[in-house]
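In the numbering used here, the protein residues as written are 1 to 158. The beta carbon of each residue, even a glycine, is placed where N, CA and C say it ideally should be. The structure displayed is predicted, hence computed values, not measured ones. Let me begin by presenting the structure, written as structure tokens, before commenting on it.
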């Protein structure tokens, strides 16, 4: 099988829009449209212009359809779900300022050698010190349970 026939078998039409050889197979030794091999004495050579080949329509594979349609739909669904979560989140503490209740607090100044645990046991001996320490951390917006001498802390008094 020659390269030319492999081209025609694979792709169908040649550069001239014909199936097979440009001249119908009459000149087996001819190469190209000008007939460089032994074209003398065979009559006038006709130069034909190549035909415009129509592009095949775009065909998507299963993976291509998923990427083209599925991924944007998944992203849109995630966006809608996250947006609805923001709308339904209970972010406000009360409907009005009158409904807010203030936590009664006492201000304590940290002494040298004192820890939150010692302060919690001294302020609320009837409660679990872990709960009191948690309340102190939340009320004072502390990042850790570390305090320094001279620091003023709000301590819940209930």
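Bridge partner(s) assigned by DSSP for residue i
i	result
residue 83	Its beta-bridge partners do not exist; DSSP assigns none.
residue 51	Paired residues: none, contrary to the question.
Boundaries (first-last residue) of the beta strand (DSSP E) holding residue i
i	result
residue 155	152-156
residue 108	105-109
Delimiting residues of the alpha helix (DSSP H) encompassing residue i
i	result
residue 134	129-140
residue 116	116-123
residue 64	62-65
When the options are compared against residue i, the one with the closest alpha-carbon
i	options	result
residue 118	71, 105, 132 and 53	132
residue 124	105, 113 and 111	105
residue 138	112, 85, 155 and 49	155
residue 160	52, 69 and 53	Nothing can be reported for residue 160: it is not among the residues displayed for the chain, which extend from 1 to 158.
residue 126	57, 143 and 157	157
Whole-number beta carbon distance between residue j and residue i, since they are thought to touch under 8 Å
i	j	result
residue 103	residue 152	So it is not a contact: roughly 16 Å between Cβ atoms.
residue 148	residue 110	7 Å
residue 120	residue 136	7 Å
residue 116	residue 145	5 Å
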